[in-house]
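First residue of the sequence shown? That's 89 in my numbering, and the numbers climb one at a time after it.
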Amino acid sequence: MQPAVRGGSGKGAIVAKKRPAHARRRSRTGGAAAPPLPAGLKEAKLRDLRAALRLSREPGWNQVAADWRLMLDVGDSFGVATENGKLVASGLTVPFGRPFGWISMILVTSAFRRRGLATHLMGRCIAALRTRGLVPALDATPGGRTVYRSLGFKDVYRITRFVADAPHLPANRCLPEWNCAGWEPATSPPLSATTHQSSERIAPSC
């Protein structure tokens with residue numbers, strides 16, 4: 089089974105192409121082991137949610153602690169840290185119903201980019217999903233799409249993301265059309281930005 093990729097806003101979805109066995113063996117992530125880490129870095133467990141949130145907030149991603157907790161609970165997770173334990177990169181898998189499993193949160197803090205960490209984490213995630221008998225798939229940013237295609241992923245569909253500004257309202261104010269009778273300040277749902285996503289997925293060739 090080959091990996092699959094889903095594109096994101098302005099991103100292309102990708103499906104892995106079939107390659108001969110010798111070509112798969114030469115792939116940077118196609119083997120059983122991920123590429124080695126550079127000197128001074130080591131694999132780490134993703135146990136510190138605050139450190140994980142710092143990674144996702146740096147590029148402006150919208151995951152909150154509950155999102156990280158869910159993904160850590162349901163799939164496999166991999167981190168890269170400095171010798172003194174500072175988390176600098178992450179990668180997660182999220183199993184879905186067969187045949188797919190999602191690769192998520194491939195993040196590398198800016199000071200450690202272009203050193204092979206994302207490729208290492210991709211290899212770990214692909215291997216973990218294949219061990220579960222799942223086809224790897226993911227969302228690709230425009231920059232990441234080129235990298236993932238070089239790893240054997242193939243476009244499937246495009247994602248377009250629309251984001252609206254949250255209404256600016258004083259605390260405890262309710263608009264008439266919301267029918268807020270009986271709401272208590274402590275239990276009222278928070279006002280937040282509205283997001284709409286339409287996706288362009290990637291399917292594999294098996």
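Glycine included, C-beta positions come from ideal geometry on N, C-alpha and C.
Being a predicted model, the structure only gives us computed values, none of them experimental.
Helix, strand or coil at Leu143 according to DSSP, with G and I counted as helix: helix
Name the residue from Arg135, Leu125 and Ser198 whose alpha carbon lies nearest to the alpha carbon of Glu171. Leu125
Pairwise C-alpha distance: Lys130 and Val162: 24 Å
Here's a check: name, in chain order, each residue in its chain whose Cβ is nearer than 7 Å to the Cβ of Ser165, leaving out the five neighbours to either side. Leu134 and Leu180
What does the Cβ neighbour count give for Pro224, buried or exposed, with the cut at 16 atoms within 10 Å? buried
Classify Asp253 as helix, strand or coil using the three-state DSSP reduction. coil
Ala208 versus Leu160 - alpha carbon distance: Checking the displayed sequence, the identity of residue 208 turns out to be His instead of Ala. So the two alpha carbons sit approximately 19 Å from each other.
DSSP three-state assignment for Gly167, whether helix, strand or coil: strand
Nearest CA to the CA of Ala122: which residue from Met210, Arg157, Pro187 and Arg218? Met210
Please list the segments of the alpha helix (DSSP H) lying wholly inside the stretch 181-240, counting only runs of 4 or more residues, in order along the chain. 205-219 and 230-238
Would you say the stretch 189-209 touches the stretch 140-147, given that touching needs at least three Cβ pairs under 8 Å? yes
Measure from the alpha carbon of Ala228 to the alpha carbon of each residue in Lys242, Ala215 and Leu222, then state which is nearest. Lys242
Got a sec, what are the start and stop residues for the alpha helix (DSSP H) Ala132 sits in? Ala132 -> not in any alpha helix (DSSP H); beta strand (DSSP E) instead, spanning Leu129 to Ala132.
Does Leu158 pass the burial test, meaning 16 or more other C-beta atoms within 10 Å, or should it be called exposed? exposed
Near Pro183, which residues of its chain fall below 7 Å by C-beta distance, leaving aside the five closest residues on each side in sequence? Val162, Gly163, Gly189, Arg220 and Leu222
DSSP puts Gly179 in a beta bridge; with which residues? Phe166
Buried or exposed for Ala281, please, with buried defined as at least 16 other CB atoms from any protein chain shown within 10 angstroms of its CB. Reliability of the predicted coordinates at Ala281 is poor, the pLDDT of 38 falling under 50, and no value is obtained from them.
For Ala233, is the classification buried or exposed, using 16 other Cβ atoms within 10 angstroms of its Cβ as the cut-off for buried? Note that residue 233 is Arg in the sequence shown here, rather than Ala. Flag for Arg233 reads buried.
Quick check: the Cα distance between Ala177 and Gly231, rounded to an integer number of angstroms? 17 Å
Any idea what DSSP makes of Asp243, helix, strand or coil? strand
Just the Cα atoms here: how many angstroms apart are Ile214 and Val235? 14 Å
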